[in-house]
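Counting from 1, position 3 in the sequence shown corresponds to residue 3 in full-length UniProt numbering; the numbering is continuous, with no gaps.
Glycine residues also receive a C-beta, built at the ideal position from the N, C-alpha and C atoms.
None of these values were measured; they are calculated from a predicted model.
In what follows, a single structure is set out as structure tokens and then discussed.
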Amino acid sequence: MNQAAVKYSIIVPMYNEEEVIEHTYERLKLVMDNTNEHYELLFVNDGSKDRTVELVSMICEFDPHVRLINFSRNFGHQIAISAGMDYAQGDAIVVIDADLQDPPEVILDMIAKWKEGYEVVYGKRLKRKGETMFKKLTAKIFYRTLRSLTNVDIPVDTGDFRLIDRKVGNVLRGLKEKNRFVRGLVSWIGFRQTMVEYEREERFAGETKYPLKKMISFAIDGITSFSYKPLKIASYVGFTLSFTSFLYLLVVIFQRLFTGSTITGWASIVAVNLLFNGIILMLLGIIGEYIGRIYDESKNRPLYIVREVQGYQENADRHAQ
Ligand code: UDP
Ligand code: MG
Numbered sequence: 001m002n003q004a005a006v007k008y009s010i011i012v013p014m015y016n017e018e019e020v021i022e023h024t025y026e027r028l029k030l031v032m033d034n035t036n037e038h039y040e041l042l043f044v045n046d047g048s049k050d051r052t053v054e055l056v057s058m059i060c061e062f063d064p065h066v067r068l069i070n071f072s073r074n075f076g077h078q079i080a081i082s083a084g085m086d087y088a089q090g091d092a093i094v095v096i097d098a099d100l101q102d103p104p105e106v107i108l109d110m111i112a113k114w115k116e117g118y119e120v121v122y123g124k125r126l127k128r129k130g131e132t133m134f135k136k137l138t139a140k141i142f143y144r145t146l147r148s149l150t151n152v153d154i155p156v157d158t159g160d161f162r163l164i165d166r167k168v169g170n171v172l173r174g175l176k177e178k179n180r181f182v183r184g185l186v187s188w189i190g191f192r193q194t195m196v197e198y199e200r201e202e203r204f205a206g207e208t209k210y211p212l213k214k215m216i217s218f219a220i221d222g223i224t225s226f227s228y229k230p231l232k233i234a235s236y237v238g239f240t241l242s243f244t245s246f247l248y249l250l251v252v253i254f255q256r257l258f259t260g261s262t263i264t265g266w267a268s269i270v271a272v273n274l275l276f277n278g279i280i281l282m283l284l285g286i287i288g289e290y291i292g293r294i295y296d297e298s299k300n301r302p303l304y305i306v307r308e309v310q311g312y313q314e315n316a317d318r319h320a321q
């Protein structure tokens with residue numbers, strides 16, 4: 001296959017997806033064969049500990065459309081997507097989850113919009129099937145909080161399932177920040193953007209690879225990457241508390257001097273102390289989140305480490321970094 005002529009690159013990040021990956025491949029192949037144009041399926045293995053790599057490697061052997069980028073360990077979903085973009089050769093790049101929650105057929109709608117001239121086509125989830133109330137509720141709160149905290153127009157209820165034009169991909173590759181929140185970066189870049197609506201399916205098989213811990217750090221990454229309002233809120237809280245405390249101090253002095261009534265109450269002192277100490281620690285934590293991210297950026301380590309790539313006939317280690 002003439003690699004220079006690849007029209008579409010489909011990026012599939014995978015972490016322990018042995019139960020679904022063959023189906024995902026088949027569904028993607030079916031859809032992409034329909035386009036009658038050259039495409040590549042870029043599977044990025046994000047340090048899976050199961051048979052994901054073996055399965056994709058086998059597919060790679062007989063299907064020249066398929067490529068495998070194998071990380072040296074788990075670097076995270078957002079980094080896997082970014083690696084895919086570094087390797088993608090297509091004029092249009094699509095990111096899709098490995099678990100078939102995003103129906104591959106929607107890619108055809110995205111391509112149609114791209115052909116109309118849009119440079120970013122994101123998928124907006126109308127419904128999310130088979131996900132827990134907790135996940136849906138936290139997602140809802142998160143996307144709306146994010147929107148209210150940032151000046152970037154990040155659309156609500158959209159994930160990383162989207163198509164971007166080569167131009168957008170190139171800009172994205174130039175953004176080297178380590179704590180990546182890809183969907184926010186795409187919005188930040190701009191260009192002509194539109195959406196297609198779709199219903200999010202149930203995971204085809206297996207369990208979510210986003211436990212609560214990863215969800216929280218993903219959310220914090222999203223907010224800190226696009227806003228320093230939490231720092232402002234910290235100082236507002238500080239000012240308000242100092243000011244009210246000062247007023248209360250005046251009241252206490254007044255009572256002591258002029259009314260002679262001193263207030264008893266060990267319990268209330270301890271309660272107020274604990275409350276204030278808690279608030280101070282929380283505010284320090286917010287500052288810490290930002291400092292940690294500055295630290296991450298300053299180390300200048302590579303975003304990811306590739307063990308091997310497969311499916312490129314020539315220059316296999318061309319991009320390895
Ligand atoms: N994923 C990944 N690295 C991780 C966690 C997840 O590459 O550390 C991939 C995963 O294989 C899937 C996608 O990211 O293709 C989304 O994960 P998942 O479906 O588990 O998240 P959910 O849909 O439950 O939010
Ligand atoms: Mg999923």
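Taking 7 Å as the cut-off, the C-beta of M14 counts as close to a heavy atom of ligand 1. Inside the UniProt domain "Glycosyltransferase 2-like" (9-168), DSSP marks whole alpha helix (DSSP H) runs of 4 or more residues at positions 21-33, 52-62, 77-87, 106-116, 133-149, from first to last along the chain. For V53, the CB contacts under 8 Å within the same chain, skipping 5 residues up- and downstream, are N45, L68, N70 in chain order. In the DSSP assignment, T194 falls outside any alpha helix (DSSP H) and within the unbroken beta strand (DSSP E) covering 193-200. Between I107 and V120, the gap from beta carbon to beta carbon reaches 8 Å or more. Taking one beta carbon from each stretch, the stretch 83-92 and the stretch 215-233 have fewer than 3 pairs nearer than 8 Å; the two do not touch. A residue is called buried once 16 or more other Cβ atoms fall within 10 Å of its Cβ, and T259, having fewer, is exposed. Residue range 266-299 is occupied by the alpha helix (DSSP H) that includes E289. The three-state secondary structure of V186, taken from DSSP, is helix. For Q310, the beta-bridge partners assigned by DSSP are L68.
N36 and A92 have their C-alpha atoms roughly 15 Å apart. The three-state secondary structure of V6, taken from DSSP, is coil. Annotation for K176: no alpha helix (DSSP H) segment contains it, and DSSP assigns it neither H nor E.
DSSP, reduced to helix, strand and coil, places A205 outside both helices and strands of the structure shown, so it counts as coil. Rounded to whole angstroms, the gap between the alpha carbons of H38 and Y304 is 28 Å.
Annotation: G260 is outside any alpha helix (DSSP H) and is labelled neither H nor E by DSSP. Straight across, the Cα-Cα distance linking K127 with L249 is about 54 Å.
Distances taken from the Cβ of R183 to the heavy atoms of ligand 1 include none shorter than 7 Å. Each of V182, G278, T240, Y312 was checked against the Cα of H77, and the nearest Cα belongs to V182. When N74, N34, T138, M14 are compared, the shortest CA-CA separation from L212 is found for T138.
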